[in-house]
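Numbering follows numbering that gives the first Met the number 0, with no gaps: position 20 of the sequence shown is 19. C-beta: ideal position from N, C-alpha, C; glycine also.
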Amino acid sequence: MRSSAFITFFHDALNAYNKMCEPILHEFDIPQVSFDILMFLNNNPDLCTAQQISEFRNIKKNLVSVHVEKLVTAGYLQRGTVAGDRRKVLLSCTEKAQPILKAGLEMQQDFNQKLTLDIPQKYMNIFKEITESMAANTRQMLNE
């Protein structure tokens, strides 16, 4: 695959994902970044700091801070501390966020089904193996 085709695929996939988010954003009157933060925390419980959200979702730190503050104020997120490290703040979704998360998880499942429509399972298994190998290669490059 040419690199431009690879980049175009990810660009288009992200745009399609964002388009599928729109009904949820309107229903709950929530911005895309806030929704992305909630879904990230829900889908990645071990990555629960603002720093990790910024790093893994590639959202600027100040933007994460603004949206986290709004989500806390709205009652969708709560802050917690780490024993032995008062500087580290853990974020977690509250019960109030559950309807958004439920709708988000259903949308993500629908997105995944549409994205992989008509792709045989054997190819999905190969894709998974390739992705895991590329992830291992990437980690190796980062450690060199």
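With respect to the beta strand (DSSP E) encompassing residue 92, which residues constitute its N-terminal and C-terminal limits?
-> Start at 1 with the first residue of the sequence shown, and residue 92 comes out as number 93. Per DSSP, residue 92 belongs to the beta strand (DSSP E) from 84-92.
Taking only the alpha-carbon atoms, compute the straight-line gap between residue 12 and residue 140 and give it to the nearest angstrom.
-> Start at 1 with the first residue of the sequence shown, and residue 12 comes out as number 13. Start at 1 with the first residue of the sequence shown, and residue 140 comes out as number 141. Cα to Cα, the separation comes out at about 26 Å.
Keeping to the same chain, check which residues put their C-beta closer than 7 Å to that of residue 81; ignore five residues upstream and five downstream.
-> Locating residue 81 in the sequence shown gives position 82, where the first residue counts as 1. If we look at residue 81 and ignore the five residues flanking it on each side, its Cβ neighbours are 87, 89.
Is residue 85 close to chain B, meaning its C-beta is less than 9 Å from at least one C-beta of that chain?
-> Absent from the structure: chain B. Only one protein chain is present.
Is the CB-CB distance between residue 53 and residue 76 below 9 Å?
-> Position 54 of the sequence shown, counted from the start, is the residue given in the question as residue 53. Position 77 of the sequence shown, counted from the start, is the residue given in the question as residue 76. The answer is no: Cβ separation not under 9 Å.
From the DSSP output, read off the bridge partner residues of residue 80.
-> Stepping through the sequence shown from its first residue, residue 80 is reached at position 81. Partner(s): 88.
How long is the line joining the alpha carbons of residue 2 and residue 108, rounded to whole angstroms?
-> As a first step, residue 2 is located in the sequence shown; it is residue number 3 there, counting from the start. As a first step, residue 108 is located in the sequence shown; it is residue number 109 there, counting from the start. Each residue's Cα considered, the two are about 27 Å apart.
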